[in-house]
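Student:
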Amino acid sequence: MKKHLEVRNLTKIFDMHILNNKKIIAFENINFTLNRGKFLGISGKSGYGKSSLIRCIYRNYDSTSGDILLFDNNGESVNLAKISDPEMLIIREKRMGYVSQFFTPLPRVTTMNLVIEPLIDKGWLKDDAIQRASELFKLFDIPGNLWDAYPSTFSGGEKQRINLMKTLIDCPEILLLDEPTASLDARNRGIILEIVKELKKQNITMLGIFHDQMEMETLADEILAIKRPGEYHDETHSADIEVKQEAKKEFIFQL
Amino acid sequence: MNAILKVQNLKKIYGRGCDDCLGTNPPYSKDNKCPTCGSIIACTDVNFDVYPGEILGIVGESGSGKSTVLSCLYFNQQATDGKIFYRGIEGGEKDLFNLNAQTRRQLQNIHFGIVYQNPHLGLNFNVSGEGNVAERLLVAGKRNFNTIQNSVHSLLERVALSPSRYKDFPKYYSGGMQQRVQIAKALISNPELILLDEPTGGLDVSVQAKILDLIRSISRELKVAMIMVSHDMQVIRLLCKRIIVMKHGRVVESGLTDRVIDDPKEAYTQTLVHSTIQ
Ligand SMILES: Nc1ncnc2c1ncn2[C@@H]1O[C@H](COP(=O)(O)OP(=O)(O)OP(=O)(O)O)[C@@H](O)[C@H]1O
Ligand SMILES: Nc1ncnc2c1ncn2[C@@H]1O[C@H](COP(=O)(O)OP(=O)(O)O)[C@@H](O)[C@H]1O
Ligand SMILES: [Mg+2]
Ligand SMILES: [Mg+2]
Ligand SMILES: [Zn+2]
Numbered sequence: 000m001k002k003h004l005e006v007r008n009l010t011k012i013f014d015m016h017i018l019n020n021k022k023i024i025a026f027e028n029i030n031f032t033l034n035r036g037k038f039l040g041i042s043g044k045s046g047y048g049k050s051s052l053i054r055c056i057y058r059n060y061d062s063t064s065g066d067i068l069l070f071d072n073n074g075e076s077v078n079l080a081k082i083s084d085p086e087m088l089i090i091r092e093k094r095m096g097y098v099s100q101f102f103t104p105l106p107r108v109t110t111m112n113l114v115i116e117p118l119i120d121k122g123w124l125k126d127d128a129i130q131r132a133s134e135l136f137k138l139f140d141i142p143g144n145l146w147d148a149y150p151s152t153f154s155g156g157e158k159q160r161i162n163l164m165k166t167l168i169d170c171p172e173i174l175l176l177d178e179p180t181a182s183l184d185a186r187n188r189g190i191i192l193e194i195v196k197e198l199k200k201q202n203i204t205m206l207g208i209f210h211d212q213m214e215m216e217t218l219a220d221e222i223l224a225i226k227r228p229g230e231y232h233d234e235t236h237s238a239d240i241e242v243k244q245e246a247k248k249e250f251i252f253q254l
Numbered sequence: 000m001n002a003i004l005k006v007q008n009l010k011k012i013y014g015r016g017c018d019d020c021l022g023t024n025p026p027y028s029k030d031n032k033c034p035t036c037g038s039i040i041a042c043t044d045v046n047f048d049v050y051p052g053e054i055l056g057i058v059g060e061s062g063s064g065k066s067t068v069l070s071c072l073y074f075n076q077q078a079t080d081g082k083i084f085y086r087g088i089e090g091g092e093k094d095l096f097n098l099n100a101q102t103r104r105q106l107q108n109i110h111f112g113i114v115y116q117n118p119h120l121g122l123n124f125n126v127s128g129e130g131n132v133a134e135r136l137l138v139a140g141k142r143n144f145n146t147i148q149n150s151v152h153s154l155l156e157r158v159a160l161s162p163s164r165y166k167d168f169p170k171y172y173s174g175g176m177q178q179r180v181q182i183a184k185a186l187i188s189n190p191e192l193i194l195l196d197e198p199t200g201g202l203d204v205s206v207q208a209k210i211l212d213l214i215r216s217i218s219r220e221l222k223v224a225m226i227m228v229s230h231d232m233q234v235i236r237l238l239c240k241r242i243i244v245m246k247h248g249r250v251v252e253s254g255l256t257d258r259v260i261d262d263p264k265e266a267y268t269q270t271l272v273h274s275t276i277q
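In order, the protein sequences belong to chains D and C.
Using numbering that gives the first Met the number 0, the first residue of the first sequence is number 0, and each one after it goes up by one.
Using numbering that gives the first Met the number 0, the first residue of the second sequence is number 0, and each one after it goes up by one.
(1) What did DSSP end up calling A183(C) once you bin it into helix, strand or coil?
(2) Which residues share a DSSP beta bridge with D14(D)?
(3) Check whether the region 107-122 of chain C touches the region 73-88 of chain C, counting contact only when three or more Cβ pairs, one atom from each stretch, lie closer than 8 Å.
(4) Against D84(D), what residues of chain C qualify as contacts under a CB-to-CB distance less than 7 Å, listed in chain order?
(5) Would you say D231(C) faces chain D, with C-beta separation under 8 Å as the test?
(6) Could you name each continuous alpha helix (DSSP H) segment of 4 residues or more that falls completely within the region 75-144 of chain C, going from the start of the chain to the end?
(7) Starting from S76(D) and walking both ways along the beta strand (DSSP E), at which residues does that stretch end?
(8) Which residues, taken in chain order from the region 13-46 of chain D, show a beta carbon closer than 8 Å to some beta carbon of chain C?
(9) Looking at the structure shown, is R7(D) part of a helix, part of a strand, or coil, going by DSSP?
(10) Taking a cut of 8 Å between CB atoms, which residues from the region 93-109 of chain D lie near chain C?
(11) Can you confirm whether D61(D), when its beta carbon is compared against all beta carbons of chain C, has any partner nearer than 8 Å?
(12) How would you label E187(D), buried or exposed, when you count the other beta carbons within 10 angstroms and need 16 or more for buried?
(13) Just how far apart, CA to CA, sit L155(C) and K165(D)?
(14) If you check the beta carbons only, do C42(C) and K10(C) fall under 8 Å apart?
(15) So A273(C) contacts chain D; which residues on that side make the cut at Cβ distance below 7 Å?
(16) Along chain C, in chain order, which residues have C-beta atoms closer than 8 Å to that of M87(D)?
(17) State the start and end residues of the unbroken beta strand (DSSP E) segment that holds R249(C).
(18) Quick check on K5(C): does DSSP put it in helix, strand or coil?
(19) Residues of chain C with CB closer than 8 Å to the CB of R7(D), please, in chain order.
(20) Can you tell me whether N1(C) is buried or exposed, with buried defined as 16 or more other CB within 10 angstroms of its CB?
(21) By a C-beta neighbour count over all protein chains shown, 10 Å radius and 16 as the cutoff for buried, is C20(C) buried or exposed?
(22) Quick one: residues in its chain with C-beta nearer than 8 Å to the C-beta of L136(C), no 5 flanking neighbours on either side, listed in chain order?
(23) Buried or exposed: where does F26(D) fall if 16 or more other Cβ atoms within 10 Å of its Cβ makes it buried?
(24) Out of G48(D), I89(D), M95(D) and N59(D), point me to the one whose CA is closest to H3(D)'s CA.
(25) Report yes if the C-beta distance between K65(C) and M245(C) is below 8 Å; otherwise report no.
(26) Between V223(C), N117(C), R219(C) and D212(C), which lies nearest to Y50(C) when the distance is taken from Cα to Cα?
(27) Going by other Cβ atoms of all chains shown within 10 Å of its Cβ, with 16 needed for buried, is H247(C) buried or exposed?
(28) Output, in chain order, the set of chain D residues within a Cβ distance shorter than 7 Å of T270(C).
(29) Just to be sure I understand the criterion: a residue counts if its Cβ is closer than 6 Å to at least one heavy atom of ligand 5. Which residues meet that?
(30) Note down, in chain order, every chain D residue with its Cβ under 8 Å from the Cβ of M0(C).
(31) Give me the subset of the region 162-180 of chain C whose CB atoms are less than 9 Å from a CB atom of chain D, sorted by chain position.
(32) Helix, strand or coil: which one does DSSP assign to A224(D)?
(33) State yes or no: is the beta carbon of Y50(C) nearer than 8 Å to at least one beta carbon in chain D?
(34) Run the CB neighbour count on T103(D), radius 10 Å, all protein chains shown included, and call it buried at 16 or more, exposed below.
(35) Am I right that V180(C) and G128(C) are in contact with their C-beta atoms under 8 Å? What's the rounded C-beta distance?
(36) Alpha carbon to alpha carbon, what distance is there between S50(D) and L69(D)?
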């Protein structure tokens, strides 16, 4: 078993200067290790910091403290909480994919162009990239009339599948999924679940949030259960933080 | 990965200056005036790197020093202090502010390009559109008429200026066409870096969209690095992977664009993000 991702004492606290310096604790002291090819599910009530954790790993949020170690095949690691922005951009481009809960399409970029962009960036010929994308469109059940349209007008399910596709076309070694099946009908959910299962077979390491407990249990090898959020109006309530930190001690449930 | 441009402690003071504002970390007041001598601190302690092929965004409110930074980099203004290093000159070892006038002109004419919000600054209004673009090749030392004309025309075609307008004077162009010609002019020398100061400011939204798409596709195709000043967060989100945020002449925050927008750390950035994004 090779270690792929290790998160140590990771904490995210938002300092809201525009709300009288209110501090919002997204999550505190999270620790886990994820091996190559494994799927770690993240569970917890709404607002407990699931999305924030994934965003910190992708560096869409800066962590407040702690380490995020990403290992390569030789056991060498980089700390995603500490590396420079240009280095993080390279990790995003080459190694890590993120499928957000909500998809914000680029204005005036067609589905096809959006999806082939990562391949073109890597130097693929346009025709080859289109060929590859067309195969994926079929796999993802995206009808032909949408290929050259703008995703901003698509239905939720179509958007979400395209969101996943644009991340998967240039297959990352580690994939972060934030509720990729949220607000989809049963058929669309089924398509996405099948794809995720296929990715598991291909040994892609994944961290995922799935709203549906059944989906989570069929996919996840392990589940990280996040407990108890905190929300404080100023530092004088710091005693509260300690109490809640206590309550947060037990973390990983093995399934 | 190596930066193509490194900007270190860039400072521009308008006015006499004093020991306070001329030093590093000038005292802070509620605007960009030196509290001791009243000089304007247009920018100070500005540090950033530009990487090959990226578009680096500079955002900030009016008067925060964004244009000043670009003007100093293009030598339109003389910086009060600071250093810049560019890997295309003496292997990036020499501070560009110490270059002789000739090498400086070479930087302006060949290695760097610039696109201004105000087309009067970037174009000669008494010369045709194609003449404006060709001029930059002439000053860069190109002499063969046919080669010049071919490259000018293919570039004007690339920026989608209609051929029937090549010989018209810029004053007869629409705002969008003027910006297209400015972009062609910047690109004609195959520069490694283009500075864009609000290139779509003052244009109506549909024209703005087309110019932004042009900038985006050029950046992806030609892999030329850009520094793009804008106060429109949507524009920055579309084009830039990294940004710096300025206020009162200082860099208050910098980072990955999506990080700065979704998780702004400084009070000013939080206000900026929350006031621009619905
Ligand atoms: N030539 C000048 N003489 C005196 N003060 C100047 C000069 N040029 C700029 N300034 C001042 O320097 C400060 C920074 O100006 P600058 O033009 O760089 O702002 P900016 O961020 O580009 O603003 P905008 O978004 O309005 O274009 C301002 O206070 C401005 O008034
Ligand atoms: N960008 C942000 N700025 C401020 N607070 C945020 C931001 N993102 C999330 N939060 C807060 O952090 C906490 C955790 O949110 P989130 O990670 O979205 O939870 P989950 O995904 O588990 O529902 C919540 O209190 C939320 O309001
Ligand atoms: Mg969430
Ligand atoms: Mg300006
Ligand atoms: Zn002073």
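Ideal placement from N, C-alpha and C gives every residue a C-beta, glycine not left out.
Tutor: So, from the data block:
(1) helix
(2) The partner list for D14(D) (beta bridge, DSSP) reads K22(D).
(3) Inter-segment contact for the region 107-122 of chain C and the region 73-88 of chain C is present: three or more beta-carbon pairs are separated by less than 8 Å.
(4) R241, G254 and L255
(5) no
(6) 100-105, 118-121 and 128-138
(7) S76 to N78
(8) If the cut-off is 8 Å between Cβ atoms, the region 13-46 of chain D has F13, D14, M15, H16 and I17 near chain C.
(9) strand
(10) L105, P106 and R107
(11) Answer yes: the Cβ-Cβ gap between D61(D) and chain C drops below 8 Å somewhere.
(12) According to the sequence as given, residue 187(D) is Asn; it is not Glu. N187(D) is buried by the Cβ-count criterion.
(13) 33 Å
(14) yes
(15) Looking at the sequence shown, residue 273(C) is not Ala but His. Near H273(C) (Cβ distances below 7 Å), the residues of chain D are I17.
(16) L255
(17) It spans R249 to L255 - the beta strand (DSSP E) in which R249(C) sits, taken as one unbroken run.
(18) strand
(19) Those within 8 Å of R7(D) in chain C number zero; the least Cβ separation is about 20 Å.
(20) exposed
(21) That one is buried.
(22) I147, S150, V151, I187 and S188
(23) By the 10 Å Cβ count, F26(D) comes out buried.
(24) M95(D)
(25) yes
(26) V223(C)
(27) buried
(28) Contact of T270(C) with chain D by beta-carbon distance below 7 Å involves I17.
(29) G16(C), C17(C), D19(C), C20(C), C33(C), T35(C), C36(C) and S38(C)
(30) P85, E86 and I89
(31) none
(32) strand
(33) yes
(34) exposed
(35) 5 Å
(36) So the alpha carbons of these two residues sit roughly 19 Å apart.
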